[in-house]
Amino acid sequence: MMDEGLRSELGKQGIFTTTLEELYNWGRKNSVWPLGFGLACCAIEMIAASMARWDLARFGAEVFRPSPRQADLMIVAGTVTKKMAPQVVRLYNQMPEPKYVIAMGACAISGGPFKQGYNVLKGIDRYIPVDVHIPGCPPRPEALLHAFMKLQQLIDAQALTGGSRPRHLLPEAPSEFLVPEYGPHDLEPPKNPDVWCPPVVGGRET
Amino acid sequence: MTPPEPSSYLVLALLLVAALLFGLTPLALAWLWARFFSPAKPGPTKHAIYECGLESRGDAWIQFRSGYYLYAILFLIFDVETVFLLPFAVAFGGLSIGAFIAMMVFILLLAEGLVWAWQKGVLAWK
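Taken in order, these protein sequences are the chains called A and B. Those letters in the first sequence? Residues 1205 to 1410, per the working numbering, in order. Those letters in the second sequence? Residues 29 to 154, per the working numbering, in order.
This is how it looks when you write it as structure tokens:
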């Protein structure tokens, strides 16, 4: 591994140094292919972000794939109803590793205005690991672009070895996440305890 | 004409080897990289048939009734007819008698086809 100081010194002399890992992550972060998957009004903002005015193509992420088999990123854009949640988790499971999730908007991160309702999931992070949360109702395309840049930073910082390597390189990490069943009263189970560790406020789960 | 020297063919063989290496080396590198840094993580859901997130029911290899074919053909005929009828209606006032007769013959041909199909019992759903 090259010393940072030497590297910066070489850079000043016009000598560019890199590692395989950096090259790999540089390629990965600049060709994130999202799944073409919209749930509610946030999807309109997502579509706007991919069109000419906001131009998601600048981040190499304009290739919205119609199949999870070819997608790296799931943008959970909108309200996840309890009836839809099993399908969302199943689609996530069908995506190849390494895969990432952006929870877009108040509904996807927490249930939003429907949090107290009976039929809306209170945040998709109850079932799948979310990398970037964006608040807003709906978030503007700029917010989605910001989330993309955050995700790119995250991918860039992922080492191929050591403890911080991506999940798919950990042998003990699960290959699939539990798909809930749509039951008569609630989703069964109502959350995946391996994924979701809620803060405990005043002795009860929020 | 003298036959070409063997060395000129050697160049071709070398080019073939170079071309093969050019194609196969990236593939081999990608395979090696995937082996170490992108191990397969299979699972029952991942291997399941893609049905937009839903569980697939029954067999994917189903047969469609051939009756649909006749419906498609009939639909196509009247779809195309509409395309011609619209400009016909727009230009109706300024049409010559010859154009009018030609259009009537066209409609008659299609109507005749419909009557024939009707008599054949194509429109009756069995």
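Just so you know, even glycine gets a beta-carbon here, dropped at the ideal spot from N, CA and C.
Along chain B, which residues have their Cβ under 8 Å away from the Cβ of A/Arg1330? Position 126 of the first sequence, counted from the first residue, corresponds to residue 1330 of chain A. Chain-order list of chain B residues neighbouring A/Arg1330: empty, with the shortest C-beta distance near 17 Å, by a criterion of under 8 Å.
Say whether chain A places a C-beta atom closer than 8 Å to the C-beta of B/Gly81. Looking up residue 81 of chain B in the second sequence gives position 53. At least one CB atom of chain A sits nearer than 8 Å to the CB of B/Gly81.
Span separating the alpha-carbon of A/Pro1375 from that of B/Ser94: On the first sequence, position 171 is the one that residue 1375 of chain A refers to. On the second sequence, position 66 is the one that residue 94 of chain B refers to. The alpha-carbon atoms of A/Pro1375 and B/Ser94 are separated by roughly 51 Å.
Nearest to B/Leu136 (by Cα), restricted to the options B/Phe120, B/Gly121, B/Ile105: Translated into the one-based positions of the second sequence, residue 136 of chain B becomes position 108. Ranking the options by Cα distance to B/Leu136, first place goes to B/Ile105.
Taking the continuous alpha helix (DSSP H) assigned at A/Tyr1304, which residues delimit it? Position 100 of the first sequence, counting from 1, holds the residue named residue 1304 of chain A. Taken as a continuous stretch (DSSP letters only), A/Tyr1304 belongs to no alpha helix (DSSP H), being part of the beta strand (DSSP E) at 1304-1308.
Whose C-alpha, out of B/Trp153, B/Val118, B/Leu42, is nearest the C-alpha of B/Tyr96? Start at 1 with the first residue of the second sequence, and residue 96 of chain B comes out as number 68. Comparing Cα-Cα distances from B/Tyr96 to each of B/Trp153, B/Val118, B/Leu42, the minimum goes to B/Trp153.
Counting only runs that start and end within the segment 1209-1246 of chain A, where is the alpha helix (DSSP H) found for 4 or more residues in a row? Counting only runs of 4 or more, we get 1224-1233.
Within 8 Å (strictly less), CB to CB, does A/Ser1235 reach chain B? One-based indexing of the first sequence puts residue 1235 of chain A at position 31. At a cut-off of 8 Å between beta-carbon atoms, A/Ser1235 makes no contact with chain B.
Once you ignore the five residues that flank A/His1372 on each side, which residues in its own chain have a CB closer than 6 Å to its CB? To locate residue 1372 of chain A, count along the first sequence from 1; it is residue 168. Taking A/His1372 as the centre and dropping the five residues before and after it, the same chain places the C-beta of Glu1301, Pro1302 closer than 6 Å to its C-beta, in chain order.
Quickly, what does DSSP pair A/Met1278 with across the bridge? List them, please. For this step, residue 1278 of chain A is matched to residue 74 along the first sequence. Answer is A/Val1305, bridged to A/Met1278.
Could you tell me which uninterrupted alpha helix (DSSP H) segments, each at least 4 residues in length, are contained entirely in the segment 1295-1367 of chain A, listed from first to last along the chain? DSSP runs (the alpha helix (DSSP H)) wholly in the segment 1295-1367 of chain A: 1309-1314, 1345-1360.
Counting only the same chain and skipping the five closest in sequence on each side, list residues whose C-beta sits under 7 Å from that of A/Ile1359. Taking the first sequence and counting its residues from 1, one reaches residue 1359 of chain A at position 155. So the list reads Asn1229, Arg1232, Lys1233, once near-sequence residues are dropped.
Check whether chain E comes within 8 Å of B/Gly71, counting only Cβ atoms and requiring the distance to be less than that. The chain labelled as chain E is not found among the protein chains of the depicted structure, namely A and B.
Can we count A/Asp1259 as close to the ligand SAH, meaning its CB is less than 7 Å from some heavy atom? This structure does not include the ligand SAH; it has no bound ligands of any sort.
Is the beta carbon of A/Ala1275 closer than 8 Å to that of A/Leu1299? On the first sequence, position 95 is the one that residue 1299 of chain A refers to. On the first sequence, position 71 is the one that residue 1275 of chain A refers to. Reading off the sequence, residue 1299 of chain A comes out as Met, not Leu. Their beta carbons are under 8 Å apart, which means A/Met1299 touches A/Ala1275 by this criterion.
Would you verify that the beta carbon of A/Pro1272 is, or is not, closer than 8 Å to some beta carbon of chain B? Residue numbering aside, residue 1272 of chain A sits at position 68 when the first sequence is read from its first letter. With 8 Å as the cut-off, A/Pro1272 counts as an interface residue toward chain B.
Select from the segment 1334-1349 of chain A all residues with a C-beta closer than 8 Å to any C-beta belonging to chain B, and list them in chain order. Cβ contacts with chain B: none found.
How many whole angstroms separate the CB atoms of B/Gly81 and A/Gln1291, which I take to be in contact at a CB cut-off of 8 Å? Residue mapping note: residue 81 of chain B aligns to position 53 of the second sequence, counting from 1. Residue mapping note: residue 1291 of chain A aligns to position 87 of the first sequence, counting from 1. Contact between B/Gly81 and A/Gln1291 holds, with the beta-carbon distance rounding to 3 Å and staying under 8 Å.
Taking DSSP as the reference, what is the three-state secondary structure of B/Arg63? The sequence position of residue 63 of chain B within the second sequence is 35, counting from 1. DSSP places B/Arg63 in helix when its eight states are reduced to three.
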